[in-house]
Amino acid sequence: MRPVLSAYDEWTRERPEGELDHSARLYLIDPAGRIREIYSLALFDERQAFLDIVAVEREARRALRR
226 MRPVLSAYDE WTRERPEGEL DHSARLYLID PAGRIREIYS LALFDERQAF
276 LDIVAVEREA RRALRR
């Protein structure tokens with residue numbers, strides 16, 4: 226798991242109670258594997274995320290038609 230966390234510049238920390246503390250981010254990754262958006266879950270707007278996903282999907286479909 227550490228290589229994946231490192232690739233996305235994420236962190237984890239074990240708490241004294243045994244729980245795992247971590248950042249609260251959500252990534253939108255396009256079909257080419259590029260990070261298109263990073264959302265903070267504290268400020269997450271599902272409507273905006275939906276619009277972003279639709280835009281990435283539309284781009285991917287256009288690229289396939291070329």
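Counting from 1 along the sequence shown, just add 225 to a position and that's the residue number in our numbering.
All residues carry an ideal CB built from backbone N, CA and C; glycine is no exception.
Here the structure is a predicted model, which means the values were calculated and not measured.
Check your understanding: Less than 8 angstroms separating the beta-carbons of R250 and I263?
Key -> As a first step, residue 250 is located in the sequence shown; it is residue number 25 there, counting from the start. As a first step, residue 263 is located in the sequence shown; it is residue number 38 there, counting from the start. The answer is yes: Cβ separation under 8 angstroms.
Check your understanding: Between L253, R286, F269, L289, which lies nearest to D277 when the distance is taken from Cα to Cα?
Key -> The residue given as residue 277 occupies position 52 in the sequence shown. Among L253, R286, F269, L289, the Cα nearest to that of D277 belongs to L253.
Exercise for review: Could you check what DSSP says for S231 in three-state terms: helix, strand or coil?
Suggested key: Here residue 231 refers to the residue found at position 6 of the sequence shown. Secondary structure at S231: helix, using DSSP grouped into helix, strand and coil.
Practice item. Helix, strand or coil for E282, going by three-state DSSP, please let me know. Key: Here residue 282 is taken as the residue at index 57 of the sequence shown, counted from 1. If DSSP states are grouped into helix, strand and coil, E282 belongs with the helices.
Practice item. Classify E262 as helix, strand or coil using the three-state DSSP reduction. Key: Here residue 262 corresponds to residue number 37 of the sequence shown, with the count starting at 1. In the three-state reduction of the DSSP assignment, E262 falls in the strand class, which pools E and B.
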